[in-house]
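Start counting at 1 in the sequence shown, then tack on 35, and there's your number in this note's numbering. All C-beta atoms in this analysis are idealised placements derived from N, C-alpha and C, irrespective of residue type, glycine included. Worksheet for the structure shown next.
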Amino acid sequence: MRLLFIFLDGVGLGVDDPDINPFARVEMPFLQSLLGGKKLLANSAPYVGERATLLPLDAALGVNGLPQSATGQAVLLTGINIPQKIGEHYGPKPNPAVAKYLLNGNLFSQVIKAGKTAALLNAYPPRYFDAVDSGKRLYSAIPLAVTTAGLSLFDKDDYYAGRALSADFTGYGWRGMLGFPDAPVYEPHAAGDKLAELANQYDFSFFEYWASDYAGHKQDMNWAIEQFKTFDDVLRGLLDQWDDQHGLILITSDHGNMEDLSTRRHTDAKVPGLLIGSSEARAAFASELNDLMGIYQRILKAISP
Ligand SMILES: [Zn+2]
36 MRLLFIFLDG VGLGVDDPDI NPFARVEMPF LQSLLGGKKL LANSAPYVGE RATLLPLDAA
96 LGVNGLPQSA TGQAVLLTGI NIPQKIGEHY GPKPNPAVAK YLLNGNLFSQ VIKAGKTAAL
156 LNAYPPRYFD AVDSGKRLYS AIPLAVTTAG LSLFDKDDYY AGRALSADFT GYGWRGMLGF
216 PDAPVYEPHA AGDKLAELAN QYDFSFFEYW ASDYAGHKQD MNWAIEQFKT FDDVLRGLLD
276 QWDDQHGLIL ITSDHGNMED LSTRRHTDAK VPGLLIGSSE ARAAFASELN DLMGIYQRIL
336 KAISP
């Protein structure tokens with residue numbers, strides 16, 4: 036069975052308060068239809084529906100302080116309680132202590148070792164590679180895991196050729212922020228179609244969405260709402276093309292942030308573990324899954340039963 040992992044940075048399950056939680060305010064008709072009319076909130080989980088399961092997952096893992104991106108992502112990618120091992124939640128980029136675990140083996144390298152195919156579906160712009168090459172920029176945990184597995188990160192040529200997707204789904208960021216006026220763009224539903232088309236080419240594919248964490252740090256309610264209106268249409272496009280009998284979709288996060296705009300810091304909220312697929316595949320994955328550590332083994336098992 037193939038597995039598509041959509042990683043939403045900094046998205047927790049928060050309270051039903053539209054003053055602080057964009058998920059309480061935004062209408063996501065497609066996601067809500069998957070969740071029996073409920074919104075992506077703490078009091079909606081756990082939920083098991085016809086096509087989707089929503090679990091609350093612990094991201095704090097018994098370690099004091101607020102969960103951070105390097106350790107949170109590294110837990111997802113290794114199944115090891117790295118914050119406990121190093122004595123703290125650490126981020127945003129891996130320090131040597133965190134990197135050591137990712138270099139030792141991770142989801143991408145294990146999938147490749149099992150003789151399966153894997154890809155990180157994000158396209159990175161030239162300025163990203165320039166900054167990494169010049170030493171100005173450290174890899175975050177996910178690209179570090181990908182390159183450790185011997186896989187390449189997709190670049191501008193891949194994006195233009197339709198082999199990868201923009202980090203904002205639609206590609207308008209390539210035209211505006213990145214300065215490529217001729218970059219391909221997709222309306223959200225078409226971006227979801229594209230995501231399905233790409234994910235169907237691999238046993239394991241991963242898409243990283245980081246703007247949610249950014250909106251949380253900026254405490255930007257309007258931006259947060261616009262992002263998840265877009266995401267709802269992407270999800271609809273994706274699921275219009277998705278075959279539940281052959282693939283499972285996992286949507287989760289590394290820590291809370293955007294669900295509580297009363298603070299610009301991360302939160303210790305549970306994060307959503309949203310599974311979309313056949314009831315059998317979802318039940319197997321969700322069984323006794325309580326925290327971020329449990330994701331790793333379940334992904335490997337879903338891909339190579
Ligand atoms: Zn953050």
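For serine 104, the shortest C-beta to heavy atom distance toward ligand 1 is below 7 Å. When distances are taken from the beta-carbon of proline 118 to the heavy atoms of ligand 1, even the shortest one reaches 7 Å or more. The residue from Gln254, Asn235 and Leu92 with its alpha-carbon nearest to that of aspartate 278 is Asn235.
Distance from the Cα of alanine 246 is smallest, within the candidate group Val46, Asn116, Leu200 and Ala87, for Val46. As DSSP reads the structure, aspartate 326 sits in a beta bridge with Asp93. In this structure the stretch 211-222 does not lie against the stretch 250-264, because fewer than three pairs of beta carbons, one per stretch, are closer than 8 Å. Measuring C-alpha to C-alpha distances from phenylalanine 266 to each of Ser240, Asp295, Leu283 and Tyr221 identifies Tyr221 as the nearest. Scanning the stretch 242-288 for uninterrupted beta strand (DSSP E) segments of 3 residues or longer gives 282-287, listed from N- to C-terminal end. In the structure shown, proline 307 adopts extended strand secondary structure according to DSSP, grouped into three states. Taking non-hydrogen atoms of ligand 1 into account, the C-beta of proline 129 is found less than 7 Å away from none of them. In the three-state DSSP reduction, alanine 59 falls in the helix class (H, G or I). At least one heavy atom of ligand 1 lies closer than 7 Å to the C-beta of glycine 45.
In the structure shown, the three-state DSSP call for leucine 233 is helix.
Lysine 73 and arginine 60 have their C-alpha atoms roughly 12 Å apart. Ranked by how close their Cα comes to the Cα of alanine 180, the residues Asp303, Val269, Ile330 and Leu138 have Leu138 in first place.
Here arginine 333 has Phe320 as same chain residues with Cβ atoms under 6 Å from its own Cβ, once five neighbours each way along the sequence are excluded.
In the three-state scheme derived from DSSP, where H, G and I count as helix and E and B as strand, isoleucine 147 is classed as helix. Annotation for leucine 43: the continuous beta strand (DSSP E) segment containing it runs 37-43. Proximity of the stretch 218-232 to the stretch 309-319 falls short of the contact definition, fewer than three beta-carbon pairs being nearer than 8 Å.
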